[in-house]
Amino acid sequence: MRNTDITQKRRMRNALFVAFLVFMLLITRIGWIQFVKGSELQTMAYVQQNLNRNINPKRGTIYDSTGVALAVSATVETVTVNPTNISNEDKEKVASALSQIFELDYETVLKKVKKKTSIETIIKKVDKEKTDELRKWMNENNILSGINIDEDTKRYYPYNDLASQIIGFTGSDNQGLDGIEAKFDKELKGTMGQILKLTDAKGFDIDGTGESYVPAVDGNDLVLSIDMTIQSIVEKYLKEACIDNVCTDGGNIVVMNPKTGDILAMATYPNYNLNTPYEPNTDELKAQWDSMESKDKTTALQQMWRNKATTDGYEPGSTFKLITASAAIEEGLTDTDNKGEFACTGSIDIAGTKINCWRHYRPHGAQSLREALMNSCNPVFIGLRTKNWCPNIL
Ligand SMILES: [Zn+2]
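Mapped onto the numbering used here, the consecutive letters of the sequence shown carry residue numbers -5 to 388.
And the structure:
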């Protein structure tokens, strides 16, 4: 009898021990789920239960100084699908309608519609007349969920190639990629809005919860100091000058208001069409485009987009003589026609370095400021800048 008692007690103790062990394991597991994996699982649940679609804000307009819009955002629409919300028997019908309306490849669309993901983009930035066709089809076929048509914006440049290297352009997500569009992206882009929708574990809408809507905040407008009229004139004559003088490297003109420093025009030739920034801009480039490697294409495009007036160094050389002459007259150092005031002996000594006149082999001799400018005489202007011009020894 005693022995059986002991055995029973031992059995009970063992059973209790096992129960305790299982209990401890469960507590550890709960702790693991709660504290270690907690935030990860919470995120997973949020993703599964919330079907969010972004609404793009309207990008700010870029104006010239007279109020002409140089870069505007037009309203377009983006079409997405929630594959899990489209019933299996409708999938092929939906794919066929989408591919027909938006002229897309049927197989690619069908693949997206059949995916197990919660959201797939069918087409971005299409005109409203196309999406109206889709709305009509959805009504006629009584397909009311699983296809979303959301407002979006598309950047448009009404003057195509005007001031292209200044303005720059945007990418497919409305982000500024070059020029003013990139430099002031933060100010122009605005804040993204969202449509939030609650779904169950399988991705179906939960009845009665509806959609909550966080509106997008549009970007700020920007006014440039560029005057569109001056810019157009400058571009027209720069182009003519570059063609007439066969400038293979192109050219630049900057027009500045000397009183305020405002840039009124800044032209680079050749320019490019801002509405098609990935297409070659010259006949020469167009001819070799298809045979070029993608690396060379990228280099050519970057060259085309570059605002050379601000990025490339250029030695002004003799063109700067105008500034020296104007400053000297304004400061009363000399006058335009003081006959024989200066002398060109073919060279001038500056801090031990001999600098030649371009016509050192036959020096210009006695010169007035006007004559020196006409002859582009180096020693006269070097002397004028250092207030140490050659005395007239002739
Ligand atoms: Zn000279």
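Yeah, the Cβ is synthetic: ideal placement off N, Cα and C, and Gly gets one too.
Asked: DSSP beta-bridge partners of S67; Found: R149
Asked: Residues that DSSP places opposite E205 in a beta bridge; Found: K191
Asked: Ordered list of alpha helix (DSSP H) runs contained in the region 302 to 338, each at least 4 residues; Found: 302 to 305, 315 to 324
Asked: Ligand 1 heavy atom lying under 6 Å from the CB of C351; Found: yes
Asked: Between the CA atoms of T72 and N246 - distance to the nearest angstrom; Found: 40 Å
Asked: CB of R47 within 7 Å of CB of S67, strictly; Found: no
Asked: Collapsed DSSP secondary structure at Y57 in the structure displayed; Found: strand
Asked: Those residues which DSSP pairs with K233 across a bridge; Found: None; K233 has no bridge partner.
Asked: Assigned exposure category for G184 - 16 Cβ within 10 Å defines buried; Found: buried
Asked: CB contact flag (K280, P271, <7 Å); Found: no
Asked: Inter-stretch contact (C-beta, 8 Å, three-pair minimum) for the region 209 to 218 and the region 231 to 246; Found: no
Asked: Residues near A157 by beta carbon distance below 7 Å, same chain, minus five either side; Found: L64, I220, Q225
Asked: C338 CB to nearest heavy atom of ligand 1 below 6 Å; Found: yes
Asked: Same chain, Cβ closer than 8 Å to I387, five either side skipped, listed in chain order; Found: Low local confidence applies: a pLDDT of 41 at I387 is under 50, so the model's placement there is unreliable, with the coordinate-based value given in what follows. Hits under 8 Å: A337, T339.
Asked: Buried or exposed by the 16-neighbour rule on C-beta atoms within 10 Å, applied to L316; Found: exposed
Asked: Beta-carbon contacts of S312 that lie in its chain and below 6 Å, excluding the five residues immediately before and after; Found: S370
Asked: For D126, three-class secondary structure by DSSP; Found: helix
Asked: Buried or exposed by the 16-neighbour rule on C-beta atoms within 10 Å, applied to E365; Found: buried
Asked: Beta strand (DSSP E) segments (min. 3 residues) lying fully within the region 82 to 139; Found: 114 to 120
Asked: Sufficient close CB pairs (3 or more, under 8 Å) joining the region 106 to 116 to the region 12 to 28; Found: no
Asked: Nearest-angstrom beta carbon gap, I80 and G140 [assumed within contact, 8 Å]; Found: 4 Å
Asked: Same chain only: Cβ atoms within 7 Å of P264, ignoring 5 sequence neighbours per side; Found: G244, N275, T276
Asked: D(-1) versus W26: straight-line alpha-carbon distance, rounded; Found: 40 Å
Asked: Nearest neighbour of F375, chosen from G346, S341, Y355, A345 [CA to CA]; Found: S341
Asked: Simplified DSSP assignment, three categories, for T223; Found: helix
Asked: Cα-Cα separation between N82 and M132, rounded to whole angstroms; Found: 16 Å
Asked: C-alpha gap between P357 and T347, whole angstroms; Found: 18 Å
Asked: For V70 and K119, believed in contact at Cβ under 8 Å, the rounded distance; Found: 4 Å
Asked: Residues near E287 by beta carbon distance below 6 Å, same chain, minus five either side; Found: none
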